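For reference, the structure is listed below as C-alpha cells.
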Amino acid sequence: MSRDLAQSVSDPANAVFLLCRVSRVYDGVPPPIAGQATLLRLRQKQISGESNNMSNHKKTVFPTLWNNTRAAFSFLAPATVALALIGIFPTVFALVNSFRQYNLARPKDPTPFIGFDNYLNVLNDASFWAALGRTGLFLVTVVPIQLALGLIIALMLHKPGLSGFKLLARMSLVIPLATAPAVAGLIGRLIFNRDFGVANALLAMLNAGPVEWLGDTTNAFIAVALMDIWQWTPFCALVLLAGLTMVPNEIEEAARLETRSRWQIVRYVQLPFLLPSATVILILRTADILKMFDTVFTMTRGGPGAATELVSVYIQRVGFRVFDQGVASAQAILMLILTIVLARLYIKFVYREI
Numbered sequence: 001m002s003r004d005l006a007q008s009v010s011d012p013a014n015a016v017f018l019l020c021r022v023s024r025v026y027d028g029v030p031p032p033i034a035g036q037a038t039l040l041r042l043r044q045k046q047i048s049g050e051s052n053n054m055s056n057h058k059k060t061v062f063p064t065l066w067n068n069t070r071a072a073f074s075f076l077a078p079a080t081v082a083l084a085l086i087g088i089f090p091t092v093f094a095l096v097n098s099f100r101q102y103n104l105a106r107p108k109d110p111t112p113f114i115g116f117d118n119y120l121n122v123l124n125d126a127s128f129w130a131a132l133g134r135t136g137l138f139l140v141t142v143v144p145i146q147l148a149l150g151l152i153i154a155l156m157l158h159k160p161g162l163s164g165f166k167l168l169a170r171m172s173l174v175i176p177l178a179t180a181p182a183v184a185g186l187i188g189r190l191i192f193n194r195d196f197g198v199a200n201a202l203l204a205m206l207n208a209g210p211v212e213w214l215g216d217t218t219n220a221f222i223a224v225a226l227m228d229i230w231q232w233t234p235f236c237a238l239v240l241l242a243g244l245t246m247v248p249n250e251i252e253e254a255a256r257l258e259t260r261s262r263w264q265i266v267r268y269v270q271l272p273f274l275l276p277s278a279t280v281i282l283i284l285r286t287a288d289i290l291k292m293f294d295t296v297f298t299m300t301r302g303g304p305g306a307a308t309e310l311v312s313v314y315i316q317r318v319g320f321r322v323f324d325q326g327v328a329s330a331q332a333i334l335m336l337i338l339t340i341v342l343a344r345l346y347i348k349f350v351y352r353e354i
C-alpha cells in the first residue's frame, strides 16, 4: 500500500489530487473545481510529455534500425553478388540453354526453342546412362568406406587424454581437405605411375610385380576411388567428431557403468547422435561425386576407354568436345534434380532428431 502511495505522489497530477483530498477530508467536501481544473491541466501536460517522449524515441530508434539494416546489407552484398555470378546465373543460363538448340562451334547461328527435345535425347542416350551407372558404382563404393574410416578416426579422437596427439592428428586431417581436387589428381597420377610411382615401389618391396594402375580399366577405377577416399575421409572424420561432441557426458558415463562393451556404447549411445552428421555427409558427398570432374580428368581423363568417365566428365565431353551445349545443359539440369531428390531421401530415411 505504501508503495502505491509513493508511486501516486511521484505523479504531479496525482499529488495535487491527494492534497485536495487531504485538505477537505475532515470537512467531507470534495475537491474544489479549481483543483479539478489544475488536475486536468497537469494530466494533459503529462500525456503531452509522454507523447513527445514516444515521438523522440521513434526518431531515435528507427534511424538506428535503418543504419543497422543498411550496414548488414552492405556486408552481405559482396557475397550475394558473388553467389549470383557463380551459382545462380550459370544455373539459369543452363536451364535456358536446355530448351534450345545451341552448338558452341557455331555461336552465331540461331538458337531456336525446341522444347523438351534435349531432355528426350538425354534419356535415350545409352552412353549417358552408362556414365551415370559408373557414377552410382563409384558413390556406393567410396562413401561407405569414407564413413566407416571417418567414424573410426572420430571415435579415436573422441577418447579422453592424449591432447597433444589429438591436436596433431586434427592438423594432419586438414591437409587432404586443403588440397585442390586437380592437385589431388596430379598426386594420384604420380603415385600410380607404372614406372616410378610410389604404389608400385611399395609392391616391389613386397616382392610383387608392377601393376598397370592407370592403363587397366578396373585398376584405374580403383586408383581414382583411392584418391577420393584419401581426400575426403578426413572431412567425414571431422564432421562425425563434431557430432560426437553433442553426446551428453552424463549419458556416456552411465553407459560405461552399465556395460564394458565398446560396441554397445557406440551402437546404442553414440550412433543415434551421429545420424544428423551422417546425413550431412551423405548429402554433400553425393553432390560432390555427381559433379566430380577435376580429380578424374587430371588422373585419367575418363579413360582408359570410358572406365572412369563419370557423369560430370561425360557432360564436359558432350558440351566442349561435341560442342552440343543444349544437350549438355539438359544433362546438368537432370543431375541437379537427381541431387535434390537424393538429398530429400537421405533426410527422410537417415536423418533423426534426438
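Under full-length UniProt numbering, residue 354 is the last one in the sequence shown; the count climbs by one each step, no gaps.
Every residue, glycine too, gets a C-beta built ideally from N, C-alpha and C.
On a predicted model such as this, the values are computed, not experimentally measured, just so you know.
Classification of residue i by the beta-carbon crowding that lies within 10 angstroms, buried from 16 upward
i, result
"residue 97", "buried"
"residue 425", "Summary: the structure shown does not reach residue 425, with the chain confined to residues 1 through 354, and so no result is reported for it."
"residue 314", "buried"
"residue 286", "buried"
"residue 22", "Confidence at residue 22 is low in this model, with a pLDDT of 45, below 50, so its placement is unreliable and the value that follows should be read with caution. Exposed."
"residue 142", "buried"
"residue 163", "exposed"
"residue 331", "buried"
"residue 205", "exposed"
"residue 377", "Residue numbering for the chain in the displayed model covers 1 to 354; residue 377 lies beyond these limits and cannot be assessed."
"residue 267", "exposed"
"residue 135", "buried"
"residue 355", "The structure shown has nothing for residue 355, since the chain only spans 1 to 354."
"residue 270", "buried"
"residue 349", "exposed"
"residue 177", "exposed"
"residue 356", "It is not possible to answer for residue 356, since the shown part of the chain is limited to 1 through 354."
"residue 305", "exposed"
"residue 213", "buried"
"residue 329", "buried"
"residue 172", "exposed"
"residue 146", "buried"
"residue 265", "buried"
"residue 258", "exposed"
Endpoints, the alpha helix (DSSP H) within which residue i is located
i, result
"residue 135", "126–158"
"residue 185", "181–191"
"residue 353", "From DSSP, residue 353 is part of no alpha helix (DSSP H); its letter is neither H nor E."
DSSP-derived helix/strand/coil call for residue i
i, result
"residue 165", "helix"
"residue 103", "strand"
"residue 171", "helix"
"residue 196", "coil"
"residue 216", "coil"
"residue 246", "coil"
"residue 293", "coil"
"residue 319", "helix"
"residue 208", "coil"
"residue 26", "Annotation note: pLDDT 41 at residue 26 (below 50); position unreliable, coordinate value reported separately. In this structure, residue 26 counts as coil in the three-state DSSP scheme."
"residue 306", "coil"
"residue 300", "coil"
"residue 108", "coil"
"residue 363", "Summary: the structure shown does not reach residue 363, with the chain confined to residues 1 through 354, and so no result is reported for it."
"residue 58", "For residue 58, the predicted model reports a pLDDT of 49, less than 50, meaning its position is unreliable; a value from the coordinates is still stated below. Of the three classes helix, strand and coil, the one that applies to residue 58 here is helix, per DSSP."
Residue-level contact to chain B via CB, residue i, 7 Å cutoff
i, result
"residue 289", "Judged by its chain identifiers, the structure shown contains no chain B, having just a single protein chain."
Beta-bridge pairing of residue i - partner residues as DSSP gives them
i, result
"residue 113", "100"
"residue 324", "103"
Open item on the list: Does the segment 116–134 come into contact with the segment 318–327, if we say contact requires no fewer than three beta-carbon pairs (one atom in each stretch) closer than 8 Å?
Closed with: yes
Open item on the list: Count Cβ pairs between the segment 323–330 and the segment 100–117 that sit closer than 8 Å; are there 3 or more?
Closed with: yes
Task: At least 3 beta-carbon pairs within less than 8 Å: the segment 163–178 vs the segment 247–263 - done: no
Open item on the list: For the structure I just gave you, are there three or more beta carbon pairs, one from the segment 197–212 and one from the segment 268–276, closer than 8 Å?
Closed with: no
Task: the segment 215–226 touching the segment 293–301, judged by at least three CB pairs closer than 8 Å - done: yes
Task: the segment 153–162 contacting the segment 233–243, beta-carbon criterion three pairs below 8 Å - done: yes
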